[in-house]
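Numbering of the sequence shown is given in my numbering, commencing with residue 433 and proceeding in unit increments.
Some notes on the structure that comes next.
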Amino acid sequence: MKNPHLQTILPTVVPQKLAEHKAELHRVELSDGDAIAVHEDCPKEWVAGGKVAILSHGLTDHHRTPLLVRLTEKLTARGVRVFRWDMRSCGAGIGWARRPYHAGCSNDLGAVVHAVIEQCCKTTSDLYPDITLFGVSLSGNVLLKYLGESPATIPTSVQRAVAVNPPINLIAGIESISNRRNRVYERHFTRMLLKHHDQWSRVRPDIYSPPDGPRPRTLEGFDNWFTAPAIGYRDAREYYVAASSAKVIPAIRLPTTIITAQDDPFVPFEMFSSDCVKYPDNVRLVTTHYGGHVGFVSKKGVDPDMRWLDWRIVELVTGETIS
């Protein structure tokens, strides 16, 4: 499909038959007293030292988002042990955290990585797993920030990473999504964030309490109202500068693939230009003319199904050639 809006919207609204949820739930404690939920799917044939994928979700999502469910099904069918994590206050861990998730929460990803390694090494400490990290949209930025801010501290078990449609320059991203042509997306995400905030505050009344007054109607308004002050920033712009991963991409040492579409309606392709980001040799930028934002629906006959993105992730994790 050449229409970026259809690419972006259709995969989220077309009914999908999702695999039954059979994952084992783990609680990962964080250093500040919060905790996050991690969901493990382990194939019977998996052995110590085998392949592992850690999957992260996007803004207003959770471990049951269709993309992560599809990836889990396709990867476990190929013997990969999969861990999906709910960011703070999301999914199964909605009552386990007082602080919110955000675009810069790389320390939380680090905690998940260490917990996964510990879980995979319970039977033997000699064979470490072969881990691939996956992030999409907001969590793609989190992933790249994690890889670049302290590359020497990343466990050797982490072998590769892939980030899809990551908003590596958050200011450019927020200015794009606030454009009139993208109003439908901004309204959707803002409504979802407000709904989540209301649900979360009922479960955890001790979370940051925004000032009285009109509720925000834009994403930047929400971040000024809640996210930025809740995580210690003066305002949304200060938070965006601190959390953007573009500035640390040059420091990434791990083999990393960034996948994005030139027609992404609200993550501007220009932010990936070599004039804006200096890519080390181990970071590969894969771009498509079409695909929208995390759509990448292809024509029949190219892959086993029309989910082009799913199969590229399977290839990166397993080393197989699908198409």
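A virtual CB, placed ideally from N, CA and C, is assigned to each residue, including glycine.
By the CB criterion at 9 angstroms, L579 and I586 fall inside the cutoff. The region 481-499 makes contact with the region 552-564, as at least three CB pairs between them are under 8 angstroms. Taking a 10 Å sphere around the C-beta of Q439, we find 16 or more other C-beta atoms and assign the residue as buried. Rounded to the nearest angstrom, the gap between the Cα atoms of S641 and D466 is 17 angstroms. According to DSSP, residue pairing for I603 in a beta bridge does not occur. In the structure shown, Q448 falls within a coil segment according to DSSP collapsed to helix, strand and coil.
Residue pairing by DSSP places H725 opposite no residue, since no beta bridge is assigned to it.
In its chain, beyond the 5 residues on either side, A467, I468, A469, D518 have a beta carbon closer than 7 angstroms to the beta carbon of G525. Residue state for I745 is assigned as helix, using DSSP reduced to three classes.
Check the Cα spacing between T508 and each of A535, E477, R530, H534: the tightest is with E477.
Judged by DSSP in its simplified three-state form, K506 adopts helix. Sixteen is the threshold: when 16 or more other Cβ atoms of the shown chains lie within 10 Å of the Cβ of H725, as they do, the residue is buried.
R531 sits away from P687, with the two beta carbons spaced by 9 angstroms or more. Note: F704 is not bridge-paired with any residue in the DSSP secondary-structure output.
Here K554 is exposed, its C-beta having fewer than 16 other C-beta atoms within 10 Å. Less than 9 angstroms divides the Cβ of D655 from the Cβ of A668. DSSP places S488 inside the beta strand (DSSP E), whose first and last residues are 483-488. If you look at I549, you'll find it in the alpha helix (DSSP H) that goes 538-552.
Cβ-Cβ separation between N597 and V699: approximately 5 angstroms, consistent with a contact (criterion under 8 angstroms).
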